[in-house]
Amino acid sequence: MRCFTLNLIIAVIWLLFSSQPGVATFFIGFALGTGLIALFQPVLPRERYLGRVLGALRFVAVFLREFVLANIDLLRTVLFLPKEKLHPNLITVDVRGLTKPEILLLTHCISLTPGSVSVHIEEDFHTLLVHALSGRDPDAVRRQIHDTFVRAILGFSRK
Numbered sequence: 000m001r002c003f004t005l006n007l008i009i010a011v012i013w014l015l016f017s018s019q020p021g022v023a024t025f026f027i028g029f030a031l032g033t034g035l036i037a038l039f040q041p042v043l044p045r046e047r048y049l050g051r052v053l054g055a056l057r058f059v060a061v062f063l064r065e066f067v068l069a070n071i072d073l074l075r076t077v078l079f080l081p082k083e084k085l086h087p088n089l090i091t092v093d094v095r096g097l098t099k100p101e102i103l104l105l106t107h108c109i110s111l112t113p114g115s116v117s118v119h120i121e122e123d124f125h126t127l128l129v130h131a132l133s134g135r136d137p138d139a140v141r142r143q144i145h146d147t148f149v150r151a152i153l154g155f156s157r158k
């Protein structure tokens, strides 16, 4: 956590000394801070900060890829697939082993991806109910959720 705070301080200082402050300038400062932390990693407290930053970048890339692919798939489904071939389905997804914040992020990723929506999380936080527009094969939907979103979330939340 100290490395993240240090990185934020570097980004804010970069922003304050910039001639054109803005969001892009902040992210440039954040990238600069990440580079400085990588350079001085041997003398900083032992944290897996850089692995988490790279994991977060991978998560964003995975989410954006899935978002675009789901939009294309939904467009094809709506425009070209006959109504009789639609197989919407309610599917349970096992989320045991995920923390509550990880489950929350997963539900948002699922709901923001067109063609699927998180409907309900059980009180014991072990099962998530998902409505999938293309739910003919529930196991394939579960596998796809696990192989994309869960793996990407764990890539930065537990590194």
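Just so we're aligned: 5 in numbering that gives the first Met the number 0 is position 6 of the sequence shown, and the numbers increase by one with no gaps anywhere. Beta carbons: idealized from backbone N, C-alpha and C, even for Gly.
- V92 sits in a strand when the DSSP states are folded into three classes.
- When the beta-carbon positions are compared, A151 and F58 come within less than 8 angstroms of each other.
- Check the Cα spacing between I9 and each of E46, G96, L35: the tightest is with L35.
- In the pairwise beta carbon analysis, the stretch 107-115 is classified as not touching the stretch 20-27: fewer than three pairs are separated by under 8 angstroms.
- Straight through space, the alpha carbons of E101 and R95 are spaced by roughly 11 angstroms.
- DSSP places S133 within a strand segment (E or B) once states are collapsed to three.
- Taken through DSSP and simplified to helix, strand or coil, H107 comes out as helix.
- The DSSP assignment places complete alpha helix (DSSP H) segments of no fewer than 4 residues inside the stretch 6-90 at 22-38, 48-79, in order along the chain.
- According to the DSSP assignment, L153 belongs to the alpha helix (DSSP H) that extends over 150-156.
- When secondary structure is reduced to three states using DSSP, H145 falls in the helix class.
- Apart from sequence neighbours up to five positions away, the residues of its chain that approach A69 with a beta-carbon distance below 6 angstroms are T112, P113, G114, ordered along the chain.
- Ranked by Cα distance from F66, the first of R157, T147, L153 is T147.
- Around the beta carbon of T33, 16 or more other beta carbons sit within 10 angstroms, so the residue counts as buried.
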